[in-house]
Structure formats: structure tokens, C-alpha cells
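*Asks:* To get my numbering, take the position in the sequence shown, counting from 1, and add 44. Even glycine gets a Cβ: it sits at the ideal position worked out from N, Cα and C. All values derive from a computational prediction rather than experimental measurement.
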Amino acid sequence: MSEPIIDVKSLRKVYGKGDAAVNALDGVDLQILPGEFVAIMGPSGSGKSTLMNIIGCLDIPTSGEYYLNGKNVSQLDKNNLAGIRNNNLGFIFQSFNLLPRLTAVENVMLPMIYQHNNTDGKQTQKVRAQKMLEIVGLGERLHHRPSELSGGQQQRVAIARALINNPSVILADEPTGNLDSHSNLEILNILHQLHDQGATIVMVTHAFDVAKHADRVINMLDGKITSDDKEKNKNFLETQPVEEMGVA
């Protein structure tokens with residue numbers, strides 16, 4: 045059996061103190077293996093976004109341990125966490141987070157510019173970014189700025205940017221939340237293609253129809269994992285009526 049690429053042990057995250065303290069995560073244990081496509085579901089305030097932030101090295105836990113690729117990253121400082129993020133993780137956000145003054149290819153190049161151990165020259169980086177945009181179907185939009193792209197196209201740029209440094213894990217936070225149904229399906233198809241090629245994907249979503257695309261569905265409530273059973277979650281999702289799909 046493969047070693048987990050993500051290994052979370054007794055993770056707790058507390059915001060505030062005393063009577064105002066909020067247990068955003070309350071003793072979470074989680075292992076994700078290389079090549080898994082995992083969806084994390086839960087209502088607002090369930091802890092799914094806090095868990096994603098810690099897995100993404102954007103925050104540190106109050107207690108507990110988090111191992112990424114076998115390395116304990118639980119209490120690293122901001123500089124070390126930034127290095128871990130840039131070298132190991134690819135992020136896809138609901139809001140795209142593209143820089144408006146940069147072209148598509150320039151946005152995709154950004155992670156390489158900030159990767160400390162990247163010795164490629166600017167022209168080599170540009171060629172890599174262009175090839176990545178071609179992979180996500182934007183070979184004709186290399187020099188367009190975000191305002192000149194549709195929502196689905198902007199999210200494809202974000203996916204290309206997430207992939208440019210060959211991350212160990214792709215983290216997708218509501219990746220289809222701002223998209224119409226057609227663009228939604230296009231982005232999910234790209235995620236499927238990446239998964240078929242061996243990518244490890246962790247996706248936060250509130251939408252049943254999106255979660256159904258994952259191989260494993262984890263449900264959270266009040267800072268705890270309430271269920272993490274592949275078949276049981278699949279059966280649950282398949283029983284949800286169409287009109288409930290995508291409702292928070």
C-alpha cells in the first residue's frame with residue numbers, strides 16, 4: 045500500500061479565546077493516498093475551508109500534526125510554508141485570482157518566477173506556460189488579459205497556473221462556484237483528465253453534482269469528519285434529487 049501523500053493527525057484549530065473560542069477543527073484524522081480524487085463537503089462553518097487552508101499550508105493548526113509527502117509541516121514558519129506551497133501544491137480557487145494587468149501566459153508564469161530553485165530563464169518559462177495553456181485548450185488566448193476571457197477560460201488559466209510547477213497535490217476550493225453549467229462541466233472534465241494522468245486532487249465543494257465526480261467523498265460538520273466511506277458516500281450522492289444539486 046502506498047504511503048499517504050497527506051497525513052493529518054488529531055488536527056485542531058481554535059479561533060479566539062475563552063468564551064469566544066471557536067473550534068473550527070476538532071480532532072481531525074485524515075489520510076489521502078497518491079492519485080486519489082477526494083471531495084470534502086459540509087455546510088458553512090463545518091470546517092472544510094479551515095482544513096483546506098491547513099492542507100494548503102496557508103495556515104497552521106493549533107495542535108496536531110500534518111505530514112505532506114512524509115514531512116511534518118505543522119508548525120513551519122511563513123517563509124518555509126511559502127516554499128512548500130510553491131514547490132508541492134497547486135491551487136485552484138473559486139474566484140480565479142488572476143492578476144488583471146497580466147496576460148494569460150504571464151499569469152501562468154508567476155509560480156515559476158517565485159520558485160526559488162527554478163533555474164529556467166524567462167523564455168523557457170514562457171514556453172512552458174504556453175504549452176500548459178495549450179493543454180487546457182487556451183492556445184489561442186495566450187496574450188489575452190482576464191477581462192478579455194470568459195469565466196470558464198479564466199478558470200482554465202488558473203488550472204494551468206496550478207499545474208506549472210508539477211505539484212504533488214492539486215487543491216481546488218469550489219472550482220466551479222462562479223461558472224455556468226457548460227463551463228462547470230468543462231472544468232470538471234479537465235480535473236478528470238488530470239486525475240486519469242495520476243494527479244492527486246483534493247476539492248472542497250458544497251454541490252452534490254460536483255462531489256459526485258470524485259472517487260471519495262468526505263463529509264464534515266462542526267469541525268469533525270462525520271463520514272468517510274467511499275461506497276456509502278457515493279450511494280448517498282446518487283440518491284440526491286436533481287433540484288437539490290448545487291444548493292449550499
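What residue from 88, 207 and 80 has the CA that sits closest to residue 4's CA?
*Replies:* What the structure shows of the chain is the stretch from 45 to 292, and residue 4 is not part of that stretch, so it cannot be assessed.
*Asks:* So does the stretch 208-217 actually touch the stretch 180-189, counting three or more Cβ pairs closer than 8 Å?
*Replies:* no
*Asks:* Report yes if the C-beta distance between residue 199 and residue 245 is below 7 Å; otherwise report no.
*Replies:* no
*Asks:* Can you check which of these residues, 95, 256, 227 and 134, is closest to residue 73 by C-alpha distance?
*Replies:* 95
*Asks:* Spatial neighbours of residue 92 within its chain, please: C-beta separation below 6 Å, excluding the five flanking residues on both sides.
*Replies:* 84, 86, 248 and 264
*Asks:* Give the DSSP-derived three-state secondary structure of residue 97 in the structure shown.
*Replies:* In the structure shown, the three-state DSSP call for residue 97 is helix.
*Asks:* Any chance the stretch 51-64 sits against the stretch 214-227, with 3 or more Cβ pairs inside 8 Å?
*Replies:* no
*Asks:* Confirm the yes/no value for this check: CB of residue 218, any heavy atom of the ligand NAD, distance under 6 Å.
*Replies:* The ligand NAD is absent from the structure shown, which contains no ligands of any kind.
*Asks:* Take residue 258 and list the residues in its own chain whose beta-carbon comes closer than 8 Å to its own, dropping the five residues that flank it on each side.
*Replies:* 81, 82, 83, 245 and 247
*Asks:* Which residues bound the beta strand (DSSP E) around residue 109?
*Replies:* 107-112
*Asks:* Among 272, 243, 235 and 175, whose alpha-carbon lies nearest the alpha-carbon of residue 254?
*Replies:* 235
*Asks:* Between the alpha carbons of residue 213 and residue 60, how many angstroms are there, rounded?
*Replies:* A straight-line Cα-Cα distance of about 30 Å links residue 213 and residue 60.
*Asks:* Less than 7 Å between C-beta atoms, sequence neighbours within five positions excluded: which residues of the same chain meet that for residue 174?
*Replies:* 149 and 186
*Asks:* How about residue 66 and residue 110: are their beta carbons less than 7 Å apart?
*Replies:* no
*Asks:* In terms of alpha-carbon separation, which member of 63, 46, 71 and 78 lies closest to residue 242?
*Replies:* 78
*Asks:* What are the start and end residues of the beta strand (DSSP E) that includes residue 126?
*Replies:* For residue 126, there is no enclosing beta strand (DSSP E); the enclosing alpha helix (DSSP H) has its first and last residue at 122-132.
*Asks:* Spatial neighbours of residue 189 within its chain, please: CB distance less than 8 Å, with the 5 preceding and 5 following residues excluded, ordered by chain position.
*Replies:* Cβ neighbours of residue 189 within its own chain (closer than 8 Å, five residues either side excluded): 144, 145, 146, 147 and 148.
*Asks:* So what does residue 136 bridge to, in DSSP terms?
*Replies:* 216
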